[in-house]
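S.K.:
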């Protein structure tokens with residue numbers, strides 16, 4: 001099961017705070033504050049790149065989660081997957097399943113194939129980790145594949 005133990009507390013707290021503000025802006029349908037907080041999240045990324053030479057995959061995945069543009073979101077998920085290799089305890093399957101979820105409803109056939117690959121790999125990873133929430137989520141999405 002995925003654990004936040006793999007995410008340093010300082011990063012986790014900072015990302016969670018900004019993500020909470022983004023969620024609140026979405027709930028309140030406040031587009032201005034939504035953009036302000038999305039930009040804050042991206043500024044955190046820039047800060048970690050400058051100070052550490054890279055960013056934790058948890059931060060990158062959170063950026064992907066709040067990116068509206070589909071190709072850009074998938075790019076962020078792919079970067080988070082790549083960066084996860086540097087963190088042995090960081091789960092990849094959450095990123096794969098989330099990327100697949102974003103691609104599944106596209107009308108483009110090649111994106112369906114990419115979604116299927118992400119979801120299949122993510123489902124396998126969730127099974128290996130016995131993460132029942134993500135197993136269920138990926139299973140449901142695989143059943144919805146066109």
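Numbering (UniProt numbering), first residue to last: 1 to 146. We treat Cβ as the ideally placed atom computed from N, Cα and C, and that holds for glycine.
#1: Closer than 6 Å by C-beta to residue 89: which residues in its own chain qualify, once you throw out the five before and the five after it? Chain order, please.
#2: Does the contact criterion of 3 or more C-beta pairs under 8 Å hold for the stretch 16-26 versus the stretch 74-86?
#3: Got a sec, what are the start and stop residues for the alpha helix (DSSP H) residue 57 sits in?
#4: Measure the CB-CB distance between residue 62 and residue 15 and report whether it falls below 8 Å.
#5: Between 85, 13, 30, 17, which lies nearest to residue 54 when the distance is taken from Cα to Cα?
#6: Please report the straight-line C-alpha distance between residue 119 and residue 47, rounded to a whole angstrom.
#7: Do the CB positions of residue 104 and residue 123 come within less than 8 Å of each other?
#8: Just mark residue 49 as buried or exposed, buried being the case when its beta carbon has 16 or more other beta carbons within 10 Å.
#9: Which of the three DSSP states is assigned to residue 92 in this structure?
#10: What whole-angstrom Cβ distance do residue 64 and residue 98 have, given they're in contact under 8 Å?
M.R.: According to the data block:
#1: Same-chain partners within the cutoff: 6.
#2: Short answer: they don't touch.
#3: That run of the alpha helix (DSSP H) goes 57-65.
#4: Yes; because the gap between Cβ atoms is below 8 Å, this pair is in contact.
#5: It is 85.
#6: The alpha-carbon atoms of residue 119 and residue 47 are separated by roughly 31 Å.
#7: Going by C-beta atoms, residue 104 is not nearer than 8 Å to residue 123.
#8: So residue 49 counts as exposed.
#9: In the structure shown, residue 92 sits in coil (DSSP, three-state: anything other than H, G, I, E or B).
#10: Sure, about 7 Å apart at Cβ, within 8 Å.
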